[in-house]
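Chains as they are written, first to last, in our numbering: chain A, 3 to 475; chain B, 44 to 141; chain C, 136 to 610.
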């Protein structure tokens with residue numbers, strides 16, 4: 003990327019307000035980057051660069067985002083644009099309304115260059131489950147960007163946009179952020195509206211910002227965090243200025259390390275990054291505490307019961323009656339089956355089947371009901387741990403980005419979500435930030451989690467470590 | 044050990060979800076599902092007898108006032124078949140609760 | 136032979152907007168014009184609960200004597216059907232808003248309390264019209280205007296034992312929902328729908344096979360369907376034909392029930408708690424105020440009218456059919472304290488005029504004050520009863536006072552004894568034959584003579600006075 007161009011949202015905004023740069027100029031530069039680089043990265047499913055240019059021309063420099071390009075994951079509705087969710091069943095579907103978060107971003111001066119690629123219906127950890135094509139990690143084009151928000155994190159990593167939004171159900175904002183070397187934030191469940199996010203796991207889904215710096219994520223959160231009367235799970239919270247809340251020190255903070263995760267096998271460079279982060283935390287005035295979340299390893303099986311259960315119901319609406327792919331059958335039952343069979347990929351089918359199974363008569367108590375109880379148990383344990391620590395530090399992923407096509411066993415793919423899933427189950431905020439590079443220059447991400455509604459404090463703590471570990475300023 | 048999910052159960056569940064499982068898909072799918080369900084079944088050993096569910100309650104309900112709707116054209120732009128303003132589907136008489 | 140009947144009634148709540156979105160609930164508009172992302176089940180849409188729907192549901196549940204639960208939960212009921220856009224219905228399964236309660240009924244068998252199992256709130260599905268209704272062949276047309284409409288589902292215990300009891304139950308329930316402004320209860324407009332479960336058993340201790348009947352469009356259909364089904368099942372038992380647990384369709388024309396095309400192995404709805412809606416928590420202070428502000432219920436008022444005001448069962452029922460009628464009556468008797476006369480008058484003269492004009496009481500200009508005034512004038516002999524019937528249309532159609540109406544129609548009754556005596560003497564003089572007949576014992580002839588006096592007075596004479604005067608003069 004041109005060294006003269008702003009690298010962060012914060013720098014961009016400053017430059018635009020100082021009249022050093024206009025929004026269209028910036029967009030023209032990034033357009034070139036996209037046109038040169040996206041054929042290899044394939045971050046975008048659809049581009050709207052001409053329309054974006056007009057939007058940039060009309061952008062108000064004094065608005066919070068001042069015409070900055072912010073990419074939108076293609077499971078978030080933007081009126082007039084296609085919303086495929088990475089699926090054949092919505093291949094030609096055009097959104098008749100915008101998600102609340104998209105409206106907020108646009109009203110704040112964001113310009114959307116395009117909709118980004120994802121694992122089909124946000125189910126996956128590599129973006130290889132997109133029905134259209136996989137996205138390639140800008141750090142190494144032979145590797146996956148992670149998923150399911152792989153398109154959004156790649157777009158930011160490659161400089162195709164200054165920020166992006168994705169959705170996080172089991173780690174889908176944080177894990178690809180870690181693989182691509184950018185910041186990915188999952189807010190407290192209920193802080194950011196879900197209205198207009200195509201539902202996968204309703205009690206888990208969160209829209210979160212993806213950016214090059216923690217400060218940028220905070221700037222985006224100032225626009226995105228708001229109570230929405232259209233979302234009954236949206237919670238009214240007192241106003242917070244996330245950017246202003248960023249503190250330069252961890253003095254007095256307790257950084258918790260989860261005992262039960264210590265034995266978990268991670269790539270050596272990631273273990274080293276964890277140690278570097280611990281030292282940086284101490285240097286910044288924090289104390290390290292050992293905390294216990296006894297059932298944290300049960301989070302994975304809990305998730306792989308609850309998320310499929312909710313998705314099996316959420317994806318019922320894709321039946322070809324009112325929109326989307328429609329394949330005829332001899333009667334209505336066959337029409338439904340043919341349509342859904344043709345429209346859904348294998349991973350989606352797998353999860354719908356698991357979901358229908360765990361909710362079905364005779365299995366509901368042993369599977370779904372049990373999983374919701376264990377979920378409460380883990381939530382209680384995590385809440386308790388977050389009494390004796392202000393933040394919890396973990397790796398985001400056990401490995402760095404793997405090669406495209408390397409992981410074919412679904413269960414193996416699922417198990418890699420071990421660090422990210424607990425935050426989705428408990429609804430607590432969690433952030434992945436870049437913590438250096440491993441062998442072959444592959445990005446490493448580390449994760450901080452905090453108690454519910456501590457989003458501002460969490461961003462602040464993450465910013466300290468992010469900065470200490472060499473992040474964009 | 045007895046299988047958690049056999050062919051019949053798979054077909055039943057697929058039918059509930061209106062999914063068609065082709066013969067080629069069936070074997071691998073059964074294998075995957077058996078492993079996944081076997082994996083998640085470990086939860087049965089977790090003691091949850093003391094657990095109390097803590098779902099939050101709604102704080103404000105929606106006032107009974109008109110909201111932003113969609114025109115028929117906008118809402119049903121993607122419908123495969125319409126006639127005189129109705130959505131057309133195959134005759135389903137005798138199907139579900141109607 | 137014991138018949139056991141249970142009813143499942145869906146009542147549309149009279150809100151402006153739907154249960155989970157701000158779309159209009161207005162009936163009869165162009166198809167698919169009251170739609171939005173939520174009720175169309177578009178990707179990304181989310182439900183938001185209508186506060187007024189909860190209020191109305193609480194009101195009706197309280198009136199029915201249910202235990203209203205402060206905390207209740209929504210659930211997803213999953214199945215595929217073209218008029219169900221999300222392929223799940225948001226309802227309440229494990230934790231409904233109300234349980235228990237009852238509806239009193241009176242039939243030839245006597246007075247009974249039909250118990251309720253539960254009541255819960257849920258959204259309606261869209262409306263499907265099948266090829267049988269229209270000449271389309273092989274197609275179904277779907278209108279989503281109804282989709283998302285707010286419903287309360289009321290489930291009775293299987294306490295009813297005849298079609299008549301079911302009919303009375305529905306009538307009373309309808310009366311109640313209208314009384315409380317909770318619903319129009321209009322079965323024709325789909326504001327109230329009913330499914331029936333019937334079983335017949337030779338042994339009162341053992342319940343028979345339960346058969347469900349759907350497609351019932353009126354209370355009368357419900358009764359007819361039950362009566363037919365009773366016969367059918369009894370016949371089966373006599374024949375030895377097994378009775379299948381199934382859903383049957385009621386044929387309006389034939390008056391019979393027929394097995395519906397076999398449904399797939401009973402649907403597993405896979406109910407689970409609705410993640411998009413937190414728990415519904417009702418404010419106990421508000422619940423208490425709903426209870427405290429509950430008006431007298433129609434059947435309570437009906438009993439009181441019979442018991443304390445001495446009204447006939449017919450009049451008491453008629454006056455408590457609609458709340459507006461009952462209130463009108465109550466306000467009238469404050470001004471003219473003769474409940475029986477008011478009831479009778481309202482039940483005959485007023486009712487007739489309303490019928491002729493195709494109007495309800497509140498749609499006319501008649502007020503408790505003007506009715507009371509009219510009846511008071513009769514009481515004081517200012518006008519005759521007959522004359523009041525002539526004046527009534529004016530009161531009903533215009534805002535005239537009784538006094539003005541009587542004057543403008545020249546209906547003032549003549550009660551002046553000397554004037555009446557004068558008429559009486561003329562009548563006696565002109566009707567010698569009848570006079571002779573009366574004097575020789577034919578009492579009935581007096582009526583004729585009174586009639587003649589009324590004619591002479593152009594109907595204005597006080598008939599009682601006329602009769603008494605004639606009698607006196609004929610002695």
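Virtual Cβ for every residue (Gly too), placed ideally from N, Cα, C.
These numbers were taken from a predicted model, which means no experiment stands behind them.
When DSSP states are grouped into helix, strand and coil, residue 55 of chain B belongs to the helix group.
For the pair of segments examined, the region 442-458 of chain C was found to touch the region 473-484 of chain C: the number of CB pairs separated by less than 8 Å reaches three. With contacts defined as CB atoms closer than 8 Å, residue 404 of chain A and residue 146 of chain A qualify as a contacting pair. Look at the beta carbons and you see the region 189-206 of chain C touching the region 222-235 of chain C: at least three pairs across the two are nearer than 8 Å. Taking 8 Å as the CB threshold, residue 234 of chain A lines the interface with chain B. Taking each of A:33, A:95 and A:66 in turn and checking the Cα distance to residue 55 of chain A, the smallest one comes out for A:33. Ranked by Cα distance from residue 136 of chain C, the options C:224, C:317 and C:334 are led by C:334.
Comparing alpha carbon positions, the residue from A:371, A:322 and A:367 closest to residue 217 of chain C is A:322. The shortest C-alpha to C-alpha distance from residue 443 of chain A to any of A:192, A:142, A:237 and A:20 is the one to A:142. Within chain C, no C-beta atom comes less than 9 Å from the C-beta of residue 57 of chain B; the nearest is roughly 13 Å away. DSSP, read as helix, strand or coil, puts residue 16 of chain A in helix. Take the alpha-carbon of residue 541 of chain C and the one of residue 549 of chain C: they are about 13 Å apart. Under the criterion of beta carbons closer than 8 Å, residue 253 of chain C and residue 312 of chain C do not qualify as touching, at roughly 17 Å. The beta carbon of residue 340 of chain A sits closer than 6 Å to the beta carbons of 329 and 331 from its chain, once the five residues preceding and following it are set aside; these are given in chain order.
Under DSSP, residue 30 of chain A forms no beta bridge with any residue. For residue 379 of chain C, the three-state secondary structure derived from DSSP is coil.
What residue 75 of chain B touches in chain A, judged by beta-carbon distance under 7 Å, is 352 and 412, going in chain order.
At a cut-off of 8 Å, the C-beta of residue 101 of chain B has a neighbouring C-beta in chain A. Looking at the DSSP output, residue 213 of chain C sits in a beta bridge with C:223. Collapsing the DSSP output to three states places residue 146 of chain C in a strand.
Under the DSSP definition of a beta bridge, residue 132 of chain B partners with C:275. Residue 248 of chain C is classed as exposed because its beta carbon has fewer than 16 other beta carbons within 10 Å across all chains shown. From the beta-carbon of residue 75 of chain A, no residue of chain B is found nearer than 8 Å; the closest lies around 20 Å away. What residue 65 of chain A touches in chain B, judged by beta-carbon distance under 8 Å, is nothing: the nearest beta carbon there is about 23 Å away. The three-state secondary structure of residue 436 of chain C, taken from DSSP, is helix. Under the Cβ criterion of 8 Å, residue 80 of chain A is not counted among the residues facing chain C. Residue 228 of chain C has a beta carbon lying at 8 Å or more from every beta carbon in chain A. Per DSSP, reduced to three states, the secondary structure at residue 386 of chain C is strand.
Here the alpha carbon of residue 222 of chain C sits roughly 31 Å from the alpha carbon of residue 417 of chain A. DSSP places residue 201 of chain C in no alpha helix (DSSP H); its state is neither H nor E. Membership of residue 449 of chain A in the beta strand (DSSP E) is indicated by the continuous run 445-451.
In this structure, residue 289 of chain A lies away from residue 324 of chain A, with their beta-carbon atoms at least 8 Å apart.
As far as DSSP is concerned, residue 85 of chain A takes part in no beta bridge. At least one C-beta of chain B is nearer than 8 Å to the C-beta of residue 324 of chain A.
Beta bridge pairing from DSSP links residue 596 of chain C with C:549. By the C-beta density criterion, residue 90 of chain B is exposed, having fewer than 16 other C-beta atoms within 10 angstroms.
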